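Sequential numbering of the sequence shown, starting at 142, is according to the numbering used here.
Beta carbons are placed, not taken as given, at the ideal position from N, Cα and C, and that holds for glycine.
Every value quoted in this text rests on a predicted model; they were computed, and no experiment measured them.
Structure first, then comments.
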Amino acid sequence: MVFVPVPEPKVEKNRVHPDLWGGEADLVAAGATVVDRQPGWVVLADPEGNEFCAFAPPDADEC
C-alpha cells in the first residue's frame, strides 16, 4: 500500500474502508497513524485521515 497525498482536504466520510493483513510498524513507517488498537487488529489512517484496518497475520502475536 502506498500513501499518496492530494492537495484537496477531506470533506466527507470515507467511501471505502479497506481491511488489510499487515504489520502496524510497516504501515506507520509508510505514513499511517494509529487511530485505535484492538486485540488482533488496529485501525489506522492515511495522511489525509482515510481510515483502514490492519489485521495481524495468522501466525503473528500482534500487529
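Helix, strand or coil at residue i [DSSP, three-state]
i    : result
E165 : helix
A197 : coil
Per-residue burial, residue i [other beta carbons within 10 Å of its own, 16 or more giving buried]
i    : result
G181 : exposed
D200 : exposed
A195 : buried
V152 : exposed
V145 : exposed
V183 : buried
Identified DSSP bridge partners for residue i
i    : result
A186 : T174 and E192
Q.
Within 8 Å, do at least three Cβ pairs link the segment 161 to 175 to the segment 184 to 193?
A. yes
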